[in-house]
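S.K.: This is the structure, below, for whatever I ask next.
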């Protein structure tokens, strides 16, 4: 029996992380082939993961490393 | 500081097996960390920054995601790093040094948050425990790939950072470790002291919530709305 949207949502993370069985992957992709709502969710989640993993999104404040080094040096 | 105040030994984060790719590189880094630790313990304490440097970005992000203030996060990282130095003899190499340092930083950040905003911390404790309800993603239509060049725009980075900040604590810490810092499943679960199943459940919720927050704001590489995130549950925004 084909997967429902609710069942697909439960597996979206595992699907993106490539940690589903080949059988489950096939079922998921069968559903995604015709369900634009679930496809939009998968695409958006995947895109957000790519963007937040980029070093530019969360970056260190200017001078952070120098100040940390100085604090360690003071402690030693 | 009494013995009971120090960070837990890394024996609390015993490694679990992992079949994820990239493990060879991790092993190399772990070996290098072990050698640096040996030399620091033997008296070459000036090498300590070299040991910490590869982990400074991830511990800063973790601290920032908890205290949500750059200056406070930086102070927190400095204190955590010094705490780890003072307790380096308790690190027995049974987990990765980076994981141990992240754990110390999380504890330090939470302690600071409790002191800074005790009421907020209590309210987060109460409202975060909603894992039982299944999350239903909103219907938001198509999403085309947003090129990474978009990140050159400050407002796009701010939308992403503030969206992550707006997640409930248990979801935010899982998301930051796994998706921002790129920790593997086993390490993320170890650091947080939760099962891999619980970690995955929280990660799914975090990712779906983020998508619902971010997707209406970023679509097709353009910012569709400049409206700030809603106040209420997250009054720091």
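Chains as they are written, first to last, in this note's numbering: chain A, 1 to 76; chain B, 77 to 313.
Just so it is clear, CB atoms sit at the ideal spot from N, CA and C, and this is done for glycine as well.
1. Buried or exposed: residue 191 of chain B, going by 16 or more other Cβ atoms within 10 Å of its Cβ?
2. From residue 64 of chain A to residue 144 of chain B, what does the alpha carbon distance come to, in whole angstroms?
3. State the Cα-Cα distance for the pair residue 31 of chain A and residue 159 of chain B, rounded to the nearest angstrom.
4. Which value, in whole angstroms, describes the spacing of the CA atoms of residue 203 of chain B and residue 247 of chain B?
5. Straight-line CA distance for residue 12 of chain A to residue 36 of chain A?
6. Write down every uninterrupted run of the alpha helix (DSSP H) in the segment 238 to 298 of chain B whose length is 4 residues or greater and which is fully enclosed by it, in chain order.
7. Identify whether residue 236 of chain B lies in helix, strand or coil by the three-state DSSP scheme.
8. Tell me whether residue 211 of chain B sits in a helix, a strand or coil according to DSSP, three-state version.
9. Using three-state DSSP, classify residue 101 of chain B as helix, strand or coil.
10. Check the Cβ-Cβ distances between residue 213 of chain B and every residue of chain A, and say whether any is below 9 angstroms.
11. Note the first and the last residue of the continuous alpha helix (DSSP H) segment covering residue 61 of chain A.
12. Run down chain B in chain order and give the residues with a C-beta less than 7 angstroms from the C-beta of residue 25 of chain A.
13. Could you please give the first and the last residue of the uninterrupted alpha helix (DSSP H) stretch that includes residue 22 of chain A?
14. How should residue 34 of chain A be labelled, buried or exposed, when 16 other C-beta atoms within 10 angstroms of its C-beta is the threshold for buried?
15. Assign residue 4 of chain A to buried or exposed, taking buried as 16 or more other Cβ atoms, counted over all protein chains shown, within 10 Å of its Cβ.
16. What residues of chain B sit near residue 61 of chain A, judged by a beta carbon separation below 7 angstroms?
17. Starting from the Cα of residue 113 of chain B, find the closest Cα among B:174, B:259 and B:149 and give me that residue.
18. For residue 48 of chain B, return the contacting residues in chain A, with the cut-off set at a CB-CB distance below 9 angstroms.
19. Need the endpoints of the alpha helix (DSSP H) that residue 191 of chain B sits in, please.
20. Counting Cβ pairs, one atom from each stretch, are 3 or more of them under 8 angstroms apart for the segment 40 to 50 of chain A and the segment 119 to 132 of chain B?
21. Suppose contacts are defined by Cβ-Cβ distances below 9 angstroms. Is residue 172 of chain B in contact with residue 226 of chain B by that definition?
22. Buried or exposed: residue 2 of chain A, going by 16 or more other Cβ atoms within 10 Å of its Cβ?
23. Let me know the secondary structure DSSP gives residue 167 of chain B once reduced to three states.
24. Look at the alpha carbon of residue 69 of chain A and the alpha carbon of residue 52 of chain A, and state the distance between them as a whole number of angstroms.
M.R.: Taking the definition as stated:
1. Start at 1 with the first residue of the second chain, and residue 191 of chain B comes out as number 115. Label assigned to residue 191 of chain B: exposed.
2. Within the first chain, numbered from 1, the residue matching residue 64 of chain A stands at position 64. Within the second chain, numbered from 1, the residue matching residue 144 of chain B stands at position 68. Roughly 16 angstroms separates the two Cα atoms.
3. Translated into the one-based positions of the first chain, residue 31 of chain A becomes position 31. Translated into the one-based positions of the second chain, residue 159 of chain B becomes position 83. Taking the straight line from one Cα to the other gives about 51 angstroms.
4. The residue given as residue 203 of chain B occupies position 127 in the second chain. The residue given as residue 247 of chain B occupies position 171 in the second chain. Note on residue 203 of chain B: pLDDT 48, under 50, position unreliable in the model; no value is reported.
5. Locating residue 12 of chain A in the first chain gives position 12, counting from the first residue. Locating residue 36 of chain A in the first chain gives position 36, counting from the first residue. Taking the CA atoms as reference points, residue 12 of chain A sits about 14 angstroms from residue 36 of chain A.
6. Unbroken alpha helix (DSSP H) stretches of 4 residues or longer found wholly inside the segment 238 to 298 of chain B: 245 to 251, 261 to 268 and 272 to 290, given in chain order.
7. The residue you call residue 236 of chain B lines up with position 160 of the second chain. Note: residue 236 of chain B maps to helix in three-state DSSP.
8. Translated into the one-based positions of the second chain, residue 211 of chain B becomes position 135. Coil, per DSSP.
9. Counting from 1 along the second chain, the entry for residue 101 of chain B is found at position 25. Note that residue 101 of chain B has pLDDT 39, beneath the 50 cutoff, so the model's placement of it is unreliable and no number is given.
10. Numbered from its first residue, the second chain carries residue 213 of chain B at position 137. So yes, residue 213 of chain B belongs to the interface.
11. Counting from one through the first chain, the residue named residue 61 of chain A turns up at place 61. Per DSSP, residue 61 of chain A belongs to no alpha helix (DSSP H) and is neither H nor E.
12. As a position in the first chain, residue 25 of chain A is number 25, starting the count at 1. Under the 7 angstroms cutoff, chain B gives no residues; its nearest Cβ is about 16 angstroms from residue 25 of chain A.
13. Stepping through the first chain from its first residue, residue 22 of chain A is reached at position 22. First-last of the alpha helix (DSSP H) with residue 22 of chain A: 22 to 34.
14. The residue given as residue 34 of chain A occupies position 34 in the first chain. Counting other Cβ atoms within 10 Å of its Cβ, residue 34 of chain A stays below 16 and is therefore classed as exposed.
15. Here residue 4 of chain A refers to the residue found at position 4 of the first chain. Looking at its Cβ environment, which holds fewer than 16 other Cβ atoms inside 10 Å, residue 4 of chain A is exposed.
16. Here residue 61 of chain A corresponds to residue number 61 of the first chain, with the count starting at 1. For residue 61 of chain A, the residues of chain B that pass the 7 angstroms Cβ criterion are 146 and 150, in the order they occur in the chain.
17. As a first step, residue 113 of chain B is located in the second chain; it is residue number 37 there, counting from the start. Ranking the options by Cα distance to residue 113 of chain B, first place goes to B:174.
18. The structure shown does not extend to residue 48 of chain B, since chain B spans only 77 to 313, so no value can be given for it.
19. Here residue 191 of chain B refers to the residue found at position 115 when the second chain is read from its first residue. Counting along the chain, the alpha helix (DSSP H) containing residue 191 of chain B begins and ends at 173 to 192.
20. The segment 40 to 50 of chain A vs the segment 119 to 132 of chain B: no contact.
21. Your numbering for residue 172 of chain B matches position 96 in the second chain. Your numbering for residue 226 of chain B matches position 150 in the second chain. No, the Cβ-Cβ distance between residue 172 of chain B and residue 226 of chain B is not below 9 angstroms.
22. Along the first chain, read from residue 1 onward, the residue named residue 2 of chain A stands at position 2. Counting Cβ neighbours within 10 Å, residue 2 of chain A comes out exposed, since fewer than 16 surround it.
23. As a working mapping, residue 167 of chain B is identified with position 91 in the second chain. When DSSP states are grouped into helix, strand and coil, residue 167 of chain B belongs to the coil group.
24. Position 69 of the first chain, counted from the first residue, corresponds to residue 69 of chain A. Position 52 of the first chain, counted from the first residue, corresponds to residue 52 of chain A. Cα-Cα distance, rounded: 27 angstroms.
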